[in-house]
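Numbering (numbering that gives the first Met the number 0), first residue to last: 0 to 474. Where a beta carbon is used, it is the ideal one built from N, C-alpha and C, also for glycine. No experiment lies behind these values; they were computed from the predicted model shown. Below is one structure, written out as structure tokens; the observations come after it.
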Amino acid sequence: MKIPTDIMAVGIDPAKGVHQGVALAYPEVELLNSQFENSYEAISSFDEKVMKLARKNGLKVIYGLEDSGAYGKTIKDVLTSRPREIREVNPLKTNRQKDFYGGDKSDEIDARCIAQILLRSYESLPKIEEDNEIYASIREAERFREILVKMKTQNVNRLHFYLTKTWGGAYKNFFSSLQNKIALEFFSAYSIPQVLKETKAKELARFLYEASSHRLGRGNPREIAQEKAKLILSSIKGIKDLPLNLERQMKKEIIKELVANISQVKASIKVIGRKLNKDLLPETHQSLTSLKSIDTVTASVLLGETLNPDRFSTRDKFARYNGSAPQERSSGGRAKHRARKGCNRRLKRTLRQISVTAIVREPLSRAYYQRCLSRGLSKSQALKRVDRKISDIVWKMMKTKEPYDRELAIKNIIKRSQRTKNLGRARWQSRSLRIKESSDEIESLVLPPLNILAELEEIEKKDQSIMNVSERILT
0 MKIPTDIMAV GIDPAKGVHQ GVALAYPEVE LLNSQFENSY EAISSFDEKV
50 MKLARKNGLK VIYGLEDSGA YGKTIKDVLT SRPREIREVN PLKTNRQKDF
100 YGGDKSDEID ARCIAQILLR SYESLPKIEE DNEIYASIRE AERFREILVK
150 MKTQNVNRLH FYLTKTWGGA YKNFFSSLQN KIALEFFSAY SIPQVLKETK
200 AKELARFLYE ASSHRLGRGN PREIAQEKAK LILSSIKGIK DLPLNLERQM
250 KKEIIKELVA NISQVKASIK VIGRKLNKDL LPETHQSLTS LKSIDTVTAS
300 VLLGETLNPD RFSTRDKFAR YNGSAPQERS SGGRAKHRAR KGCNRRLKRT
350 LRQISVTAIV REPLSRAYYQ RCLSRGLSKS QALKRVDRKI SDIVWKMMKT
400 KEPYDRELAI KNIIKRSQRT KNLGRARWQS RSLRIKESSD EIESLVLPPL
450 NILAELEEIE KKDQSIMNVS ERILT
């Protein structure tokens, strides 16, 4: 491949306050080395300097960014609006380039490494274009939802800590979950046992009945409320008589504040979930939730972190991006595979969550998982293979915007069994897990054992519906 000599490679190392930019021309002639603030005016001024130098030297400008989602977001928005050609440089490549500088680290070296990589191979680097508005909105919503969930978990843990200090271990028997509406209202009104000192069982039962919206489990809600009130009062006979000193008064205020925060965060999580489910996800025309193990939250992560399914031309590229494809390490004719570290961690974590759910709820996935275990693989190794299968399914569904078709999956199983039924069980057990044949149909998650295949084939010959096939597998 011939290195182009008519371009000016501009590497930018984004930071929170001040960015560093280095412009190089072939062969690594420095034309510009400048710092500029993270503001629209400063970025525009830097771009004008770059374009002036490019016109003077008759060069084509190519920008390079390591990060276009956090500190580089403003740079990307300004340059794409002009518009300018921007390429995304993998941080792993810049890390290798930094080795030539003897371990030194600075913003200038980072920007120079990005520019050097652009000079050599900018055509092979992915373009950074303006984000799809819907996918970008989904990403922001699901990331903020995850922050809220973490906040809620932290506050619940703190609430447990303070309740243990004030109520002892008795409070755990009051309600099934501390996040229930009735539990939050109770500890908001009666934060410490001393508040219940003059409270009668009838009054407390009436409060519990109203706080639960007249739903306290199976049976008569009034009777259940009375029993629960008696349980609470009998559990704090000795504690409620302790004096209400300044320390306990402070704990009371803290518990009330924690309960209020938990209620507010729970309401915000519901609002974002409703926004994703009713407004944002339908705009993508995707049907990821047609797969049993994918719900609204996991579908939002898959679509938000992918941003645009057209970025990945093959399922292998998508698998490398989400970390389900192993990383090959070969030398001297020997090859080893290890977990891929340079990937999107959020996608990788979500795929694992989907896989764990799939082997419980989806019979085909469970059959494939059991077959992997029967070949001597460990549970973690078998789950990795399920991860890859689901990655292929998700990629195909996003590319075609079609729902997962279980009937079509079973048809594909029968076709593959007919092509390989004379090769023996050993061939089935040693068959490569990766599907090598290209197909326009959505691939099934698994190849079930031979006894299931025989049953499917027999039913197919009798012209019974595919839905009957799936029902027999489920039973």
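Which residues share a DSSP beta bridge with residue i?
i      : result
ASN260 : According to DSSP, ASN260 bridges with nothing at all.
HIS478 : Any property of residue 478 remains undetermined from this structure, which presents the chain solely from 0 to 474.
ILE85  : TYR62
VAL300 : Bridge partners of VAL300: none, in fact.
VAL9   : ALA22 and TYR62
ASN312 : A small fix is needed here, since residue 312 is Ser in this sequence, not Asn. None, per the DSSP bridge assignment.
HIS336 : GLU327
VAL28  : ALA24
LYS55  : Note: LYS55 sits in no beta bridge, so no partner.
LYS126 : ARG86
Excluding the 5 residues flanking residue i on each side, which residues of the same chain have their C-beta closer than 7 Å to its C-beta?
i      : result
GLU128 : THR79
THR297 : THR349, GLN352 and ILE353
PHE317 : PHE311, SER390 and TRP394
LYS250 : TYR161, LYS164, THR165 and ILE191
TYR100 : ILE108
ILE231 : PHE173 and LEU203
GLN193 : LYS239, LEU241, LEU243 and ARG247
Could you pull out every residue in the same chain whose Cβ sits closer than 6 Å to the Cβ of residue i, ignoring the five residues on either side in sequence?
i      : result
SER286 : PRO402
LYS372 : A small fix is needed here, since residue 372 is Leu in this sequence, not Lys. ALA381.
HIS213 : PRO220
ILE271 : ALA140 and ARG144
THR356 : SER292
GLU84  : ILE61
ASP12  : GLN19, ASP106, ASP109 and ALA110
SER120 : none
Could you give the distance in angstroms between the alpha-carbon of residue i and the alpha-carbon of residue j?
i      : j      : result
LYS15  : ARG142 : 20 Å
ALA188 : VAL148 : 24 Å
LEU279 : GLU209 : 36 Å
TYR368 : SER377 : 10 Å
TYR320 : HIS159 : 39 Å
SER299 : ILE137 : 6 Å
LEU346 : ASP386 : 11 Å
ASP309 : GLU27  : 33 Å
ASP315 : GLU132 : 26 Å
LEU118 : VAL88  : 12 Å
GLY218 : ASN179 : 19 Å
ASN56  : LEU31  : 13 Å
LYS388 : ILE268 : 31 Å
LYS92  : SER33  : 23 Å
ARG374 : LYS383 : 14 Å
ARG360 : PRO90  : 38 Å
GLY331 : ARG405 : 44 Å
ALA479 : ARG344 : Given a span of 0 to 474 for the chain in the structure shown, any question on residue 479 remains unanswerable.
GLN225 : THR399 : 57 Å
LEU444 : TYR25  : Residue placement at LEU444 is poorly supported in this model, since its pLDDT is 38, which falls under 50; the coordinates still yield a value, given next. Approximately 49 Å between the Cα atoms of the pair.
PHE185 : LEU302 : 40 Å
THR198 : TYR170 : 17 Å
ILE253 : THR73  : 40 Å
TYR39  : VAL77  : 7 Å
LYS265 : HIS284 : 28 Å
THR313 : ASN307 : 13 Å
LEU407 : ILE413 : 10 Å
LYS277 : THR295 : 10 Å
LEU257 : LYS340 : 38 Å
What does a CB cutoff of less than 8 Å around residue i pick up in its chain, not counting 5 residues either side in sequence?
i      : result
LYS274 : ALA140
CYS342 : ARG319, TYR320, ASN321 and GLY322
GLY216 : ILE223
ALA53  : MET7, LYS59 and VAL60
LYS335 : GLU327, ARG328 and SER329
SER44  : PHE35
SER176 : ALA182
LEU207 : ILE181, PHE185, LEU215, ALA224, LYS227 and ALA228
LYS51  : none
ARG81  : ASP46
TYR134 : THR283, LEU302, GLY303, THR305, LEU306 and ASN307
- Query: Below 8 Å, can you find three or more Cβ-Cβ pairs linking the region 144-155 to the region 247-264?
  - Reply: yes
- Message: Below 8 Å, how does it come out for the region 235-252 and the region 199-206: are there three or more Cβ pairs, yes or no?
- Response: no
- Item | Minimum length 4: unbroken alpha helix (DSSP H) runs contained in the region 151-204 | 180-188
- Message: Tell me whether the region 16-27 and the region 104-117 touch, counting them as touching only if at least three CB pairs, one residue from each stretch, are closer than 8 Å.
- Response: yes
- Is there contact between the region 360-380 and the region 289-306, where contact requires at least three CB pairs shorter than 8 Å? yes
- Item | Complete runs of the beta strand (DSSP E) confined to the region 351-410 [at least 3 residues] | none
- Flag this pair as touching only if the region 6-14 and the region 56-71 have three or more C-beta atom pairs under 8 Å; answer yes or no. yes
- Message: List, from N- to C-terminal side, the alpha helix (DSSP H) runs of 4 residues or more that fit wholly inside the region 218-259.
- Response: 220-234
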